[in-house]
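Every letter in the sequence shown is one number past the one before it in the working numbering, and letter 264, counting from 1, is 258.
Heads up, the beta-carbon is just placed ideally off N, CA and C, and yes, glycines get one too.
All values reported here derive from a predicted model rather than from experimental measurement.
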Amino acid sequence: MKKFFGFFLTLFLTIPIYSQLQIQGKIVDASTNEPLVGVTVFNPKTSTGTSTTLDGSFLLKATTDIKELNISYVGYTSKTISVNLSQPNLGIITLKSEVIGLNDVVVTSSIAIRRKTPVALSVIEPLDIQEKLGTQEFPEILKSTPSVYATKQGGGFGDSRINLRGFESANIAVMINGVPMNDMEWGGIYWSNWAGLSDVTRSMQVQRGLGASKVAAPSVGGSINIVTKSTDAKKGGSFSYSTGNDGYNKFSFNVSTGLSPTGWAMTFLGAKTWGNGYIQGTEFEGYSYFLNISKIINDNHQLSFTAFGAPQWHNQRYNGDKLLIEDWQKLKDSYKFNPTYGFDINGQRKTANFNYYHKPQISLNHFWTMNDKSSLSSALYMSIGDGGGYAWRGNNSSMLYGTNTATGKLNTTYRGIDGYMDYGILQQENAANPNGSQAVITNSRNNHTWVGLLSTYTTELAKNLDFYAGLDLRYYAGKHDAVIVNLMGGDFYIDPSRANVIYSSNAGNPSYVNEHLHEGDIVYRNNTGYVAQEGVFSQAEYTLDKLNIFLAGSVSNSTYWKIDKFYYDNEKSPSKSFLGFTAKTGANYNLDDKNNVFANIGYISRAPFMSGGYFTSIHTSNAVNNDAVNEKVFSMELGYGYRSKYFTGNLNVYSTSWLDKTMVKTFTSAADIGFINLTGVNALHQGVELDFVVKPIENLELRGMASIGDWRWKSKASGYLFDKDGQPVNAALSTLDKNGNVIEMHSAEHAYMELDLRNVKVGNSAQTTFALGTKYKFLKSFSAGLDYTHYARNYANFSIAANTGTTVYVTPWMIPQAGVFDFNANYKFKIGGFDAILFGNINNLLNQEYIADAQDLTPTSNTTDEWKNVSVMYGFGRTYVITLKLNF
């Protein structure tokens, strides 16, 4: 009886010990020591597991017979670790990236580290892209990031835009593997050139403000740093197929050889995307490819060759074809209407807005570990762009835009009774006109070659003191012309720009001015623009216990010139060099394991852009803007961060003063469209930003953000007026004075106007945003998420009223606030022994009607009925996509 009682007493005492055994630890990135959130920790003995919390820690209840744990995370090499019951605290566990080459400083030096780098940042993980992107444009994955506003503009494939802290894309640095991607002539980004980027992105980081980017030509608003997959160290691959609304289809695959015993590895990815487009008449087809070949030569040297690109074509809805709100409401399907959708004389669909391009990026990276303190990382890269887009040319071309940009009304000259464009009317007119076609379709081609070298030397100068120094060299040559692709019924075409561009070397030659042109002939422009940029940069970084301080600077020299083969008989323009520099410093202090504070301050002097800055009209004139000066930026920021197991949050305030901004604005008169080169444009962008993640229980995650900006123009800007061909005009918007003489550049007759923009709100981007999202994991294989994003205080872009003298502008019309819900879900299962995932996405779940872009047509007045004087573009309604992915 005593033995029996003793057995049950022992069993009773053992049960609590058995059930209370807990294994704990913290999992971090092996390279950055950043905590990894959501890592799966699995006990194969009992088939139970958990995931890491927001600070990378985990706590797993285990049985006494546990021997090992399996640890896995997307993008990282899985690890199995032994468990010793006498030491249940496993301490710090590091996971290495699956990707070879991520120790390359060129690739990673612009990536910031939380609680170390003193900048405001947001990280988009590959899993976020995989689960949430769906059919959205690549920039739209960032819409839940503080102070980000992304829209689809006209709605064509890859035609989206993004603003950060109120700054447009030309003032946001986009880098892929540390290499700058912004256009060398005007600074912007054509996202259609990178349509396949989501397939190869391993990590994506948005740095707001000064940022940590180590390049010689910095941005104003912030940077988007994208690191591609490079080469997977593990052998394997995947297939996926997607189908969605409006005929959307996508097929992709990738395969990796893994790292061979001889140090070689290769990864290849390919994809095809096609569909009809959500907007009427915006069919598209795109391909993407990615190849990386890496070779680990020895412990000190590693080579990596990468090539990727995304050839595509797509029909478009012109983003300038905005309509008055009351006119949109008259349409049957206001979301999808395309004002230039129409048919030719034979009843065949006619495309007047069309784009195609291929811009492959090729790079060779070399990483050299010189000793245990120093390394040299270099990237030699080249990009060759080839493509173009269709545009109307001719005396009647303005009537063929979908809308009148001055009134926001539909152009009706060539519109049929069914509301569609009747291009047959134009074809008949052109055929009957003895002077040839009065409007033709041309292909504006842009073929460029861009080469560069980015090299960074890193060393430990002393204990706790690291030093970086680098070289940033770039050379760009872009050839621009326009060729006739469709005479639209006429027998020939006489290019009016030959007569309108009066200073042309052949303007007085009747045979040149009145030449009968045919399909394939060049019109309007034929020039090559050149940019040469040399820069150096350096940074010192001091770390002592809880304190990290950096001091950085750069100097760059940008030289612009062009050769015109159309108006100037192969004449080279004047060239000019602009010397720019940056100086910035910052510090981060970790108060304890949970709290940190940071601050940064900096000054930037940046060269004006080549297009719209140095040249008055880059397509039709070699004339330069002698008033062009460097843009100046002064920025400062304070931030606070908190991190625990269940909550992480960041709060920061910023102020950015922008002086002498480059700005070119178009205006519409009764005669035609023209533009003004503005100087003396100043702005102040300041605000507060908050983001947080809450993980109250193991399978539930809540994310949120809020940002409130105060972005205003702060000066009286001024400039000279030009017609659409870049010719100086007088107050009557004529290129000739009353005596028939040509208006001379910057003469007394040249129309000059002053815009009083003081305290006018910056438009085109929501100044108040907030978002809230939730993700819940059901059992082991199913998870679902719901995200809400809200936009408010979004002001319309202001228009230019072509008046001489001083014009006082007022804050443009404010777009009604709106919010959209996005839903995503995924289910993991097995197919024939292979891992498979089924993804589903519904964007704008409730089919919310909202205005995404707006243009205020009466910028000098603001009445209670101002909405009647605003042309707008609506956002997309409900869209969906389903994706099946098979891993092997």
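Check each candidate in Asp321, Ser709, Asn243 and name the one with the smallest Cα separation from Val802. Residue numbering aside, residue 802 sits at position 808 when the sequence shown is read from its first letter. When each option's Cα is compared against that of Val802, the closest is Ser709.
Beta-carbon spacing of Gly152, Glu131 below 8 angstroms: Against the sequence shown, residue 152 aligns to sequence position 158. Against the sequence shown, residue 131 aligns to sequence position 137. Taking 8 angstroms as the Cβ cut-off, Gly152 and Glu131 qualify as a contacting pair.
Do the region 477 to 485 and the region 411 to 430 meet, that is, are 3 or more Cβ pairs less than 8 angstroms apart? With a cut-off of 8 angstroms, the region 411 to 430 and the region 477 to 485 count as touching, because enough Cβ pairs lie within range.
Please report how far the alpha carbon of Thr46 lies from the alpha carbon of Gln811, in whole angstroms. Residue 46 sits at position 52 when you count from the first residue of the sequence shown. Residue 811 sits at position 817 when you count from the first residue of the sequence shown. Taking the straight line from one Cα to the other gives about 37 angstroms.
Minimum length 4: unbroken alpha helix (DSSP H) runs contained in the region 609 to 684: Whole alpha helix (DSSP H) segments, 4+ residues: zero.
In this structure, what does DSSP give as the bridge partners for Met178? One-based indexing of the sequence shown puts residue 178 at position 184. Met178 is not bridged to any residue.
How would you write the range of the alpha helix (DSSP H) that Asp945 sits in, first residue to last? Examination of residue 945 is not possible in this model, given that the chain is present from -5 through 882 alone.
Counterpart residues of Met604 in DSSP-defined beta bridges: The residue given as residue 604 occupies position 610 in the sequence shown. Paired residue(s): none; Met604 is not in a bridge.
Would you report the Cα separation of Ala346 and Leu191, rounded to the nearest angstrom? Your numbering for residue 346 matches position 352 in the sequence shown. Your numbering for residue 191 matches position 197 in the sequence shown. The alpha-carbon separation between Ala346 and Leu191 amounts to approximately 28 angstroms.
Quick test of your reading: Phe348 and Asn294, contact by CB under 8 angstroms. State the CB separation rounded to the nearest angstrom. The residue given as residue 348 occupies position 354 in the sequence shown. The residue given as residue 294 occupies position 300 in the sequence shown. With a Cβ gap of about 51 angstroms, Phe348 and Asn294 do not count as contacting.
Tell me whether Pro722 sits in a helix, a strand or coil according to DSSP, three-state version. Residue numbering aside, residue 722 sits at position 728 when the sequence shown is read from its first letter. Annotated three-state conformation of Pro722 is strand, per DSSP.
Under 7 angstroms Cβ to Cβ from Leu5, same chain only, skipping five residues before and after it: list those, please. Along the sequence shown, read from residue 1 onward, the residue named residue 5 stands at position 11. Residue placement at Leu5 cannot be trusted, given a pLDDT of 42 that sits under 50; the coordinates are not used to answer.
6 angstroms Cβ shell around Arg872 - same chain, five flanking residues per side excluded: The count along the sequence shown starts at 1 and reaches residue 872 at position 878. Within the same chain, and ignoring the five residues on either side of Arg872 in sequence, the residues whose Cβ sits closer than 6 angstroms to its Cβ are Asn838, Asn841.
Give me the Cα-Cα distance between Phe531 and Ala819, rounded to the nearest whole angstrom. The residue given as residue 531 occupies position 537 in the sequence shown. The residue given as residue 819 occupies position 825 in the sequence shown. The alpha-carbon atoms of Phe531 and Ala819 are separated by roughly 45 angstroms.
Does DSSP classify Val117 as helix, strand or coil? Working through the sequence shown from its first residue, we reach residue 117 at position 123. Three-state DSSP puts Val117 in a strand.
What is the DSSP secondary structure of Tyr242, counted as helix, strand or coil? The residue given as residue 242 occupies position 248 in the sequence shown. In the three-state reduction of the DSSP assignment, Tyr242 falls in the strand class.
Could you check where the alpha helix (DSSP H) with Asp412 kicks off and where it finishes? Sequence index remark: in the sequence shown, residue 412 carries index 418 (1-based). No alpha helix (DSSP H) contains Asp412, which DSSP labels as neither H nor E.
Across the region 627 to 645 and the region 725 to 745, are there enough close Cβ pairs to call them in contact, namely three or more that are closer than 8 angstroms? Under the Cβ criterion (8 angstroms, minimum of three pairs), the region 627 to 645 does not count as touching the region 725 to 745.
Are the Cβ atoms of Val194 and Thr222 separated by less than 8 angstroms? Here the question's residue 194 lines up with position 200 in the sequence shown. Here the question's residue 222 lines up with position 228 in the sequence shown. Thr222 sits close to Val194, with the two beta carbons spaced by under 8 angstroms.
With 16 other Cβ atoms within 10 Å as the buried cut-off, status of Ser138: Numbered from 1 along the sequence shown, position 144 holds the residue referred to as residue 138. Looking at its Cβ environment, which holds 16 or more other Cβ atoms inside 10 Å, Ser138 is buried.
Throw me the rounded Cβ distance for the Lys229 and Ser250 pair, which I believe falls under 8 angstroms. The count along the sequence shown starts at 1 and reaches residue 229 at position 235. The count along the sequence shown starts at 1 and reaches residue 250 at position 256. Correct: roughly 6 angstroms between the Cβ atoms.
Can you grab the Cα-Cα spacing for the pair Asn437 / Val675, in whole Å? By one-based count along the sequence shown, residue 437 stands at place 443. By one-based count along the sequence shown, residue 675 stands at place 681. The alpha-carbon atoms of Asn437 and Val675 are separated by roughly 34 angstroms.
Taking all protein chains shown into account, decide if Phe661 is buried (16 or more other Cβ within 10 angstroms of its Cβ) or exposed. Reading the sequence shown from its first residue, position 667 is the one you call residue 661. By the 10 Å Cβ count, Phe661 comes out buried.
If you compare alpha carbons, which of Asn671, Gly681, Phe337 is closest to Pro891? Outside the displayed span of the chain (-5 to 882) sits residue 891, for which this structure offers no information.
How should Leu127 be labelled, buried or exposed, when 16 other C-beta atoms within 10 angstroms of its C-beta is the threshold for buried? Position 133 of the sequence shown, counted from the start, is the residue given in the question as residue 127. So Leu127 ends up on the buried side.
Look at the alpha carbon of Gly341 and the alpha carbon of Asp515, and state the distance between them as a whole number of angstroms. Translated into positions along the sequence shown, residue 341 becomes position 347. Translated into positions along the sequence shown, residue 515 becomes position 521. The straight-line gap separating the alpha-carbon atoms of Gly341 and Asp515 is approximately 27 angstroms.
How is the beta strand (DSSP E) around Tyr789 delimited, first residue to last? As a working note, residue 789 is residue 795 in the sequence shown. It spans 776 to 789 - the beta strand (DSSP E) in which Tyr789 sits, taken as one unbroken run.
Return the CA-CA distance between Ile135 and Gly547, expressed in angstroms with no decimal places. Against the sequence shown, residue 135 aligns to sequence position 141. Against the sequence shown, residue 547 aligns to sequence position 553. Between Ile135 and Gly547, the C-alpha separation is close to 32 angstroms.
Please classify Leu63: is it buried, with 16 or more other beta-carbons within 10 angstroms of its beta-carbon, or exposed? Residue mapping note: residue 63 aligns to position 69 of the sequence shown, counting from 1. Leu63 is buried by the Cβ-count criterion.
Using the Cα positions of Glu565 and Tyr469, report the straight-line distance between them to the nearest angstrom. Counting from 1 along the sequence shown, the entry for residue 565 is found at position 571. Counting from 1 along the sequence shown, the entry for residue 469 is found at position 475. In this structure, the alpha-carbon of Glu565 lies about 20 angstroms from that of Tyr469.
Can you tell me whether DSSP reads Gly336 as helix, strand or coil? As a working mapping, residue 336 is identified with position 342 in the sequence shown. Strand.
Just reading off the alpha helix (DSSP H) that Leu766 is part of, what are its end residues? In the sequence shown, counting from the first residue as 1, residue 766 sits at position 772. Element bounds for Leu766: not the alpha helix (DSSP H) but the beta strand (DSSP E), 760 to 772.
Inter-stretch contact at 8 angstroms, needing at least 3 Cβ pairs: the region 598 to 607 / the region 205 to 219: Yes, since at least three Cβ pairs between the region 598 to 607 and the region 205 to 219 fall closer than 8 angstroms, the two stretches touch.
For Pro690, which three-state DSSP category applies? Residue numbering aside, residue 690 sits at position 696 when the sequence shown is read from its first letter. Pro690 sits in a strand when the DSSP states are folded into three classes.
For Asp321, which of helix, strand or coil comes out of DSSP? Here residue 321 refers to the residue found at position 327 when the sequence shown is read from its first residue. Here Asp321 sits in helix by DSSP.
Nearest by alpha-carbon distance to Gly668: which of Met699, Gly720, Gly713 is it? Counted from its first residue, the sequence shown places residue 668 at position 674. Looking from the CA of Gly668, the closest CA among Met699, Gly720, Gly713 belongs to Gly720.
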